[in-house]
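Notes follow the structure.
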Amino acid sequence: MTLAINARFLTQKMSGVQRFSREVVTALAATGQPIRLLAPPGAPAEFAGLPVERIGRRSGQPWEQFDLPGAVAGCHLLNLGNTGPLRIGGAQTVVIHDAGVFDTPESYSFAFRAWYRALHWTLPRRGARIVTVSEFSRARLSLHLKLPAARIGVMAEGGEHALRDPAEPEVLARHGLQPGRFVLAVGTRAAHKNLDALRDAVALLASRGMKLAVAGAADAGVFRNAGDVDAAVALGRVSDGELRALYQAALCLIFPSRYEGFGLPPLEAMWCGCPVLAASAGAVPEVCGDAALWFDAEGPNTPATAIARLLDDPLLGEHLRLAGRARAATFSWPAAADRLLGLLEPR
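Take 1 as the starting number for the sequence shown in full-length UniProt numbering and just add one per residue.
Here's what the structure looks like:
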């Protein structure tokens, strides 16, 4: 079976969904699976050693709905980024990463959530196969889309890409950060990322002569801005090499998100040997298991409490570091691609 892959992600800024799409395609290409990459104008001519077919004249959702269907030519279409063309009907698979537009509407603009809700409801009713990235997301999508859970396939993600590029430690000096003397947060300013929960952590760290550094930028066209954390070091978008250096130099990753369909930053951190402190919410417990120190997304066991425990127990950090590396090794992009291919087998 030749797969036609919706490669609109090649024209988008990097976020978790685009990372997932790029890594899955790279892993699929390595299997020898016959693949056609179909992308809008402006995409690169080649990706993962495969030629990219640049079709149509539109971009964005109009390209996906009106230009893409005519180029599929009888192949099964694989959409890796939450959306797919309604005209294709059942000859496609759509990876929907979470049910956030239903569960956390405050995080998204009205236009974005209205369109995504309509697509997510309609695509399976036109026969599209639905795949997601965690058991948590399967349960939430099953509830909101009124689908039997068995109709939704599950594949995990990988995180070893975090070690692909050499670390770029210059990012530390540029932002006045010292190894072991800062805590790292990674995420957008979207409401569900819950960065406001870190305000007390900033005060605690300051009392110990340490800093909170926050990496990530918000897309105003998608997410509603929940504001910045006062006194945190705002890093903005960082390169893969810079992110690796930050993970490797940080005291820990602090991840307060109250809703995740998977939770890629904790997995990346574990691959890099960075201890993970995370809110016990969404799919993150599925990813980290017993290799993280847990706190409440909203409750008395705060991020500041978890950080204080880590600072006061010199053995805890090394325990989390070793447990995290062992846990991370159970997730990889080749395994994700193999699982996806199994879900694409004819019914």
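Using N, Cα and C, we set each Cβ at its ideal position, and we do this for glycine too. Please read all numbers here as calculations on a predicted model, not as lab measurements.
Could you tell me the boundaries of the beta strand (DSSP E) in which residue i lies?
i	result
His319	Taken as a continuous stretch (DSSP letters only), His319 belongs to no beta strand (DSSP E), being part of the alpha helix (DSSP H) at Leu316 to Ala328.
Ile152	Ile152 to Val154
Leu37	Ile35 to Ala39
Can you find the residues in the same chain that come closer than 8 Å, C-beta to C-beta, to residue i, ignoring five residues on each side of it along the sequence?
i	result
Ala326	Ala291
Asp240	His161, Ala162, Arg164 and Asp165
Ser42	What sits at residue 42 in the sequence shown is Gly, not Ser. Hits under 8 Å: Thr11, Arg54 and Ser59.
Thr305	Phe295
Ala336	Glu23, Val24, Ala27, Met155, Ala156, Glu157 and Gly158
Leu86	Gln65, Leu119, Thr122, Leu123 and Arg126
Pro44	Leu10 and Val52
Tyr116	Asn82, Thr83, Val101 and Tyr108
Leu243	Ala162, Val186, Ala215 and Glu268
Gly209	Arg181
Leu204	Ala304, Ile307 and Ala308
Asp200	Thr302, Pro303 and Ala304
Who are the Cβ neighbours of residue i in its own chain at under 7 Å, not counting the five residues just before and after it?
i	result
Ala220	The predicted position of Ala220 is uncertain, since its pLDDT is 42 and thus under 50; no value can be drawn from it.
Ala250	Phe182, Val183, Leu184 and Cys274
Val222	Any reading at Val222 must be qualified, since the residue scores a pLDDT of 35, below 50, and its modelled position is unreliable; the value itself is stated next. These residues qualify, in order along the chain: Tyr108, Ser109 and Phe112.
Tyr259	Gly100, Asp103, Thr104, His192, Ala281 and Gly282
Ala278	Phe255, Pro266, Val284, Cys288, Ala292 and Trp294
Leu145	His120, Trp121 and Pro124
Glu298	Arg258
What does DSSP give as the partner residues of residue i in its beta bridges?
i	result
Ala234	Val214
Gln92	Leu77
Ala278	Phe255 and Trp294
Leu50	Phe47
Gly84	Bridge partners of Gly84: none, in fact.
Tyr247	Tyr247 is not bridged to any residue.
Val186	Ala215
Ile5	Leu37 and Leu78
Starting from residue i, trace the alpha helix (DSSP H) in both directions and tell me its first and last residue.
i	result
His76	Taken as a continuous stretch (DSSP letters only), His76 belongs to no alpha helix (DSSP H), being part of the beta strand (DSSP E) at His76 to Asn79.
Ile307	Pro303 to Asp312
Arg129	Looking at the DSSP string, Arg129 is not in any alpha helix (DSSP H); the run it does join, the beta strand (DSSP E), is Arg129 to Thr132.
Trp63	Run containing Trp63: none; DSSP gives neither H nor E here.
Cys288	Val284 to Cys288
Ser137	Glu135 to Leu145
Ser21	Gly16 to Ala30
Ser207	Arg199 to Ser207
Val171	Glu170 to Arg174
Ala191	From DSSP, Ala191 is part of no alpha helix (DSSP H); its letter is neither H nor E.
Glu157	Per DSSP, Glu157 belongs to no alpha helix (DSSP H) and is neither H nor E.
Pro148	Premise fails: Pro148 is in no alpha helix (DSSP H) and is neither H nor E.
Arg339	Trp333 to Leu343
residue 406	The structure shown does not extend to residue 406, since the chain is modelled only from 1 to 347, so the question has no answer here.
Val101	Gly100 to Asp103
Within the same chain, show all residues whose beta-carbon is closer than 6 Å to that of residue i, passing over the 5 residues directly before and after it, in chain order.
i	result
Asp228	With a pLDDT of 49 at Asp228, under the threshold of 50, the modelled position of this residue cannot be trusted; read the value that follows with caution. Taken in chain order, the list of residues that qualify is empty.
Gly56	Trp63 and Asp67
Arg19	none
Ala71	Leu38 and Ile55
Arg129	Thr93
Met14	none
Tyr247	Ala269, Cys272 and Cys274
Val171	Glu242 and Ala245
Val238	Ala215
Using a threshold of 7 Å, state whether the C-beta atoms of residue i and residue j are closer than that.
i	j	result
Leu37	Leu50	yes
Leu264	Gly16	yes
Leu119	Thr83	yes
Leu343	Val131	yes
Cys75	Thr2	yes
Val202	Ala232	yes
Ser137	Asp98	yes
Val214	Ala234	yes
Val94	Gly261	no
Cys272	Leu310	no
Leu198	Pro334	no
Met270	Gly324	yes
Leu78	Ile152	no
Ile88	Pro69	yes
Ser257	Asn194	yes
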